[in-house]
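When we follow our numbering, the leftmost residue of the sequence shown carries the number 1010, and every step to the right adds one. Glycine included, every Cβ here is placed at the ideal spot set by N, Cα and C. Contents: one structure, followed by commentary.
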Amino acid sequence: MRLPGTHRFARSISCKEASRLISQKIDSPLAFGRALRLRLHLMWCKACQRFEHQAKFLHAVMQKYRK
């Protein structure tokens, strides 16, 4: 849903898309538009905030044990 007066990059994304972007972001930087849409989604979605926190934690643990 696009709100009046919002830029096309500010359009809401689904939690499914957000989780995919979170996983991608851990491995490599996102393009500006995708990063912006993800950040906007994370501002209000507590479930995706938790998923991002858990994904970052798991990535850090895996990096530690990889060495």
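Helix, strand or coil: which one does DSSP assign to residue i?
i        : result
Ser-1032 : helix
Ala-1069 : helix
Ala-1027 : helix
Gln-1063 : helix
Leu-1047 : helix
Cys-1057 : helix
Tell me which same chain residues have a C-beta within less than 7 angstroms of the C-beta of residue i, skipping the five on either side of it?
i        : result
Arg-1043 : Leu-1030
His-1050 : Ser-1021, Ile-1022, Ala-1027 and Cys-1057
Note to self: I'd like to know if the stretch 1054 to 1061 and the stretch 1028 to 1037 are in contact, where contact means that at least 3 CB-CB pairs between them fall below 8 angstroms.
What the structure shows: yes
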